[in-house]
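Visitor:
Number of protein chains: 2
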Amino acid sequence: MKGMEDWSRSDYCGEITKEQEGTEITLMGWVQRRRDHGGVIFTDLRDRFGLVQVVFSPEVNEDTFELADELRKEYVIAVKGKVKARPEAMINEELATGEVEVYASELKILAEAETPPFMIDDEIKTSEELRLKHRYLDLRRNPMQDNIKLRHNVKQAVREYLDDNRFLEVETPMLTKSTPEGARDFLVPSRVNKGKFYALPQSPQLFKQLLMVSGMDRYFQITRCFRDEDLRADRQPEFTQIDIEMSFMNQEDILDMIEGMIEEVFAAADIEEKLDFPQMSYEEAMKRYGTDRPDTRFDMELIDLSEIVADSDFNVFSGTVADGGQVKGINAKGCADFSRGDIDKLTDFVADYGAKGLAWIKVTEDGVESQIAKFLADEEIDAIIDKMSAEAGDLLLFVADNPKVVAASLGNLRLKLGEELDLIPEDEFDFLWVTDFPLLEWDEDEERYISLHHPFTMPKEEDIELLDEDPTAVKSQAYDLVLNGIEIGGGSIRIHDIDLQKKIFELLDMGADEVEEKFGFLLEAFKYGAPPHGGIAFGLDRLVMLLGNLNTIRDVIAFPKTQRATCLLTDAPSEVDEGQLGELALELEDLELD
Amino acid sequence: MKGMEDWSRSDYCGEITKEQEGTEITLMGWVQRRRDHGGVIFTDLRDRFGLVQVVFSPEVNEDTFELADELRKEYVIAVKGKVKARPEAMINEELATGEVEVYASELKILAEAETPPFMIDDEIKTSEELRLKHRYLDLRRNPMQDNIKLRHNVKQAVREYLDDNRFLEVETPMLTKSTPEGARDFLVPSRVNKGKFYALPQSPQLFKQLLMVSGMDRYFQITRCFRDEDLRADRQPEFTQIDIEMSFMNQEDILDMIEGMIEEVFAAADIEEKLDFPQMSYEEAMKRYGTDRPDTRFDMELIDLSEIVADSDFNVFSGTVADGGQVKGINAKGCADFSRGDIDKLTDFVADYGAKGLAWIKVTEDGVESQIAKFLADEEIDAIIDKMSAEAGDLLLFVADNPKVVAASLGNLRLKLGEELDLIPEDEFDFLWVTDFPLLEWDEDEERYISLHHPFTMPKEEDIELLDEDPTAVKSQAYDLVLNGIEIGGGSIRIHDIDLQKKIFELLDMGADEVEEKFGFLLEAFKYGAPPHGGIAFGLDRLVMLLGNLNTIRDVIAFPKTQRATCLLTDAPSEVDEGQLGELALELEDLELD
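Protein chains in written order, with my numbering: chain P, 98 to 691; chain H, 98 to 691.
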């Protein structure tokens, strides 16, 4: 195994063009393939920019040809050679460099390679576990290289846009104090201050607000955040956040600014779609889609039928309405041919969201077919059909329950059917700002109000007076950006008034001591002239995943952790010796083996 | 306290020009000063971009004038008003907006402010402790805003340059495995994997090498690193590193690439000096300056006199040489007038570095004056004067000892005198690449070899064969970038060969088990085709500090920690409740109170 000595790479493999015909070049990279044919050795040489065919022929250099016989897949080599145009018949249209090949006059083997545990191909059939264990090999594959490149481009675009708009990048501490984001903190024991702990930040929320108090005016940071959650679905214990805050801007100013950023991000991802950023209130989103992050790429909205059935003889419906509940339905267009079995499966599905049943009406050329038709008056059925714009061939599905259950069950049923019926255009990017969130909700379990966003969220000015009499009626100046039904960012105007902030803490049932200990420094800062301010934060991993049309954020993170929060490559976390713990004044409890 | 309602800022305070005369503008910011004069209230309004004078006159608007009477320092306000040119006599040349003032027609007080604990002025006399406790106020001051802006500009310039050169930004994990940088790791207990710990990275060294194995070709990241050291001098437990790695590049390629980056960084800092990047071997630096990070802004080099005095009758000198030691001197130009007391102080100073004494010769018009002249032959004195280019008025200072003590004592004495004699040009930027470091040194205490850089550093190809017979004679392909005597970056070509890497681990006295546990994944990666690669890392904090001509890295970090590793603003680290520790299966040992 040798170094490159005085060899110097002249070009990247994937960028050799016909215009270079006749020139001597030096390439370095990995052997993707090797074929022997007609007394000549053909290899595909690969680097980050693509492949080129390198030919070893005894007619060019006998020694080089013999050395080339040692080449195997993934060997790292350097070659000097001459660019030749391929004969017309040999042109490979599928390769960017398919018009040329390089006749090697010299070869240096820089590193040998054992057969990798999986092939370095675009499509591979191997477990994610093996990919993560050998991540350095997985990252050699084109799709992964594309993901890393996309992530790079997105970050550069974000920074350039914010820099152009006079934002300042400011770094905030990683070894900090527990933040109030609601999840568990990762703790870091201090050795210098034994018995005390830093927390890794769940977000730089308080620091960015303090930066506004310090007059930074516009702040951003693309930074790592940490949440020690039980890992559900597609979460990582550490994730990257695009964190933004501005002073002296109202909500509309901020949304405008962010829309401009998203447009730059899409341009950087080579997506040339005209983007549109409609707004919808939380209330309307819940009403029409049963969720605060609706996928607006398709219709099938939730239709409220409560008025129509309020006086119905069908007690399941009218009784629910009388008890303060709702009856809502969705129209599964063209699904009148669903079998009883099909519908039973949908019923099981909504049961997971608390629905006690799923009523249905099939609309046919000959009238309706339904288990509940006999309980409903003809006028009621007509009114339902009319309100749901139902036509022959449609299947109408109903849930009668309290608003939460109706929203969850029909909202999720809509998504399920949208997917199964292939109603969702794959290559569309539908944005939606969801606004006017409630400031607080009542938590039954904890018997106190909790913040829907976080305790620093500003109420709508006109609702502030409701804080005393009817807290849950207060709307906030909070906004989420939803893309294709996935929340990619969220933010708010913040409270900058010390008394209002204290009042919110009180409503959240926080005692004066707790407030002082956790947020005393923020309240102290507000004493000295805090500007009106607000901001937003985006989950970078998820954003890049959506831009890349990928299924998991693990594919846009170079070295992700598993669902068990372990790194299969380095074997982190791992045990440490007692001496290290002793320095931290810590002891490990006896652990029962799993 | 109110929000801005429908007010929208039209301009920044510091950017109002005479060209805007007569236009209506809306400004928002902080009241820097307020003066009442001739029935009119003058305020200086401040935002991130500067100050402008805002005038409240009853002739413009009586109500606004009356409201303005409430204004105090650091109130946050919004004003609407008209730009007027100041009369010639009132122009303030020292203010960017000194040609104009704004006559306010409307005023909104956005936030009141108590009197801050220190004034928001460029120069303040207050303890750093108070500044850190109220960092949000400290950051309002112009010098601190300039520092943050400089840091922003440097980071943007670095990224732009590297992006232009086709580097990819890749994020590496923060929750990772113990890295081998030599300092203590900060540990993060895992809750999901009880009894196990992540380590915060001391550097992304291994990950960036793996990224090279993965074919990323050129990587960079500006990332936080962590070292749990006893905090000496100007260190922080968390610091920011510009981390860079490249494949298929030799040392000269890499240095060229980095020099281009530094030039962009200086341009971004508005420093228009022609930069020069000379190289000097470690051996030469130690010989001439007694240190591997010489401050080359001034001369006063260490002169080796060992040959001259080897056979001297003065046994202190000749005996030292005979025992394998050295006699070296520096020429303190024009210091012949130093008193005995002055010289005694210098003797005490070098004693701290192990020197058993400091011999001296004063060169005068009438010959030499010295405590040692009588022991030296005239030819020896003449030869010394000649070799040290001494003239009348110079003071020659000598240390005779082993090379380490000579280097440390005279190297530091040189720096001390350089400073005291005002020999160091303040506004000069002198770079120096120090190269050809020894690969290993023998550690007397641990009785084993240790790496001068780190165990992944590539030996010089021609020295590899010396690894067996004479390990400390092996030079490495390592390089440090020194600026004005401060190391700002360091790196090396890395080993990419599995057998060579194993051999180095053996030399470092690491057992096979330890190697496997700590670096097994790296060695495994090298099996599958690792390209030649190398890189460098810069301490961003220190670099920005030097660019800003500042004395401490705390001034370029928005929220730094104290020497005790605490955050005075948030009071981190802090105690946590037992429940949190219980979830981590940890117990705190009983701590004795300090």
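No residue lacks a Cβ here, since even glycine has one placed at the ideal position from N, Cα and C.
So what does DSSP say about C664/H, is it helix, strand or coil?
Guide: strand
Visitor: Kindly identify the DSSP beta-bridge partner or partners of A627/P.
Guide: DSSP, once it has assigned bridges, lists no residue as partnering A627/P.
Visitor: Taking CB distances under 8 Å as the criterion, tell me whether A365/P reaches chain H.
Guide: no
Visitor: Check whether the region 665-677 of chain H touches the region 371-379 of chain H, counting contact only when three or more Cβ pairs, one atom from each stretch, lie closer than 8 Å.
Guide: Judged by Cβ distances under 8 Å, the region 665-677 of chain H makes no contact with the region 371-379 of chain H, as fewer than three pairs qualify.
Visitor: Less than 8 Å between the C-beta atoms of M358/H and Y258/H, yes or no?
Guide: yes
Visitor: Give me the residue from N290/H, G178/H, E171/H and E614/H with the minimum Cα distance to S154/H.
Guide: G178/H
Visitor: So with Cβ pairs under 8 Å, would you call D260/H a contact of chain P?
Guide: yes
Visitor: Suppose contacts are defined by Cβ-Cβ distances below 8 Å. Is A448/H in contact with D491/H by that definition?
Guide: Going by C-beta atoms, A448/H is not nearer than 8 Å to D491/H.
Visitor: Might you give, ordered along the chain, the residues of its own chain that have their beta carbon closer than 7 Å to the beta carbon of A407/H, omitting 5 neighbours on each side?
Guide: S415 and V418
Visitor: When you compare the CB of S105/H with every CB in chain P, is at least one pair closer than 8 Å?
Guide: yes
Visitor: Give the C-beta separation of D389/P and D577/P to the nearest angstrom, bearing in mind that I take them to be a contact with Cβ-Cβ under 8 Å.
Guide: 7 Å
Visitor: Please determine, among D108/P, I478/P and D420/P, the residue with the shortest C-alpha to C-alpha distance to G464/P.
Guide: I478/P
Visitor: Can you have a look at E686/P and say buried or exposed, based on whether 16 or more other CB atoms are within 10 angstroms of its CB?
Guide: Residue environment for E686/P: exposed (fewer than 16 other C-beta atoms within 10 angstroms of its C-beta).
Visitor: Going by alpha carbons, who is nearest to L549/P out of M555/P, E558/P and P535/P?
Guide: P535/P
Visitor: Which residue from E185/H, G632/H, D392/H and A487/H puts its Cα closest to that of L520/H?
Guide: D392/H
Visitor: Under the rule that 16 or more other beta-carbon atoms within 10 Å means buried, what is D691/P, buried or exposed?
Guide: For D691/P, the pLDDT reaches just 48, beneath the cut-off of 50, and the residue's location in the model is therefore unreliable, although a value from the coordinates is still provided. It counts as exposed.
Visitor: Which residues in the same chain as E196/P place their Cβ atom closer than 7 Å to its Cβ, once the five residues preceding and following it in sequence are excluded?
Guide: K115, A182, R183 and I188
Visitor: Between L605/H and I481/H, what straight-line distance do the alpha-carbon atoms span, to the nearest angstrom?
Guide: 42 Å
Visitor: Quick one: what's got a C-beta closer than 6 Å to I341/P's C-beta in the same chain, skipping five residues either side?
Guide: Cβ-Cβ distances below 6 Å link I341/P to F317, G632 and I633 in the same chain, with the five nearest sequence neighbours on each side left out; the list follows chain order.
Visitor: Using beta carbons (cut-off 8 Å, strictly below), is Q338/H in contact with chain P?
Guide: no
Visitor: At the 8 Å Cβ level, is S311/P part of the contact set with chain H, yes or no?
Guide: yes
Visitor: Put F153/H into one of helix, strand or coil per three-state DSSP.
Guide: strand
Visitor: Between the alpha carbons of Y625/P and E517/P, how many angstroms are there, rounded?
Guide: 57 Å
Visitor: Return the Cβ separation of T140/H and V151/H in integer angstroms, given the expectation that the two are a contact with Cβ distance under 8 Å.
Guide: The pair is a contact, with the Cβ atoms about 5 Å apart (cut-off 8 Å).
Visitor: Check this for me: beta carbons of N428/P and S486/P, under 8 Å apart or not?
Guide: yes
Visitor: Quick one: which residues of the region 105-131 of chain H get their C-beta closer than 9 Å to a C-beta of chain P? List them in chain order.
Guide: S105, R106, Y109, M125, G126, W127 and V128
Visitor: Check whether the Cβ atoms of R263/P and G312/H lie closer than 8 Å to each other.
Guide: no
Visitor: Determine, for H550/P, whether the minimum Cβ-Cβ distance to residues of chain H falls below 8 Å.
Guide: H550/P is outside the set of residues whose beta carbon lies under 8 Å from a beta carbon in chain H.
Visitor: Starting from V267/H, trace the alpha helix (DSSP H) both ways and give me its first and last residue.
Guide: Following the DSSP letters along the chain, one finds V267/H in no alpha helix (DSSP H), marked with neither H nor E.
Visitor: At a CB distance below 8 Å, what residues from the region 172-197 of chain H approach chain P? Give them in sequence order.
Guide: Y172, V173 and A175
Visitor: Compare the C-beta of T140/P with all C-beta atoms of chain H and state if any pair is closer than 8 Å.
Guide: It does not: the Cβ of T140/P has no partner Cβ on chain H nearer than 8 Å.
Visitor: Can you tell which of D638/P, L473/P and S275/P has the C-alpha that lies nearest to the C-alpha of Q333/P?
Guide: D638/P
Visitor: What number of angstroms, rounded off, separates the C-alpha of L620/H from the C-alpha of L372/P?
Guide: 48 Å
Visitor: Take the Cβ of R651/H as the centre, count every other Cβ of all protein chains shown within 10 Å, and call the residue buried at 16 or more, exposed below.
Guide: buried
Visitor: Distance check for P214/H and K293/P, CA to CA, integer angstroms please.
Guide: 28 Å
Visitor: When you compare the CB positions of V180/H and V199/H, do they come within less than 8 Å of one another, or not?
Guide: Yes. Within cutoff.
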